[in-house]
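Taken in order, the sequence shown gives residues 681 to 793; the numbers are from the working numbering. Where a beta carbon is used, it is the ideal one built from N, C-alpha and C, also for glycine. Read through the structure below, which is laid out as structure tokens, and then see the notes.
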Amino acid sequence: MNLFRGLTSLGLMTAVAGGAIAVASSEARAGYPDKPITFIVPYSPGGGSDQQARRLQPGLEKALGVKIRIVYKTGGGGAIGFNALWQSKNDGYTISNVVVPNIVISAKGKDVG
């Protein structure tokens, strides 16, 4: 069970990092990124999402060459943070580690968060 949990966490972290790097590499604007990137954590500090964000932060900062600011948007079982990500400007400067239930809830519910 511990091995499965570890592999799942590794897979999620890899997917988030890959997504962030893909967004960064697909950005057409020269000089991206040229300012800090906000990493929204949709759950309270100390939990699994926070731990994943903290593990990803150094690698993302090294790969992208800018600071990664971790911001907590808690509440609603993650819906507040997911909604903040959804409403953020589509410029690659706001990322998150969203979990599957948030995606399902947002697809099924209107005005969640």
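task = Compute the Euclidean distance between the alpha carbons of Asn770 and Ala764, then round it to the nearest angstrom.
result = 12 Å
request  = Measure the Cβ-Cβ separation of Gly758 and Pro713 and say whether it is below 8 Å.
outcome  = For the pair Gly758 and Pro713, the CB atoms are not nearer than the 8 Å cut-off.
Cβ neighbour criterion (16 or more within 10 Å) applied to Gly772 = The residue is buried, with at least 16 neighbouring Cβ atoms inside 10 Å.
message = I'd like the span of the beta strand (DSSP E) that includes Ser776, first residue to last.
response = Taken as a continuous stretch (DSSP letters only), the beta strand (DSSP E) holding Ser776 covers 774-776.
task = Figure out for me which residue from Val751, Val784, Gly755, Val780 has the closest Cα to the Cα of Gln731.
result = Val751
request  = Would you please state the rounded distance, in angstroms, between the beta carbons of Ser776 and Phe719? I believe it to be under 8 Å.
outcome  = 7 Å
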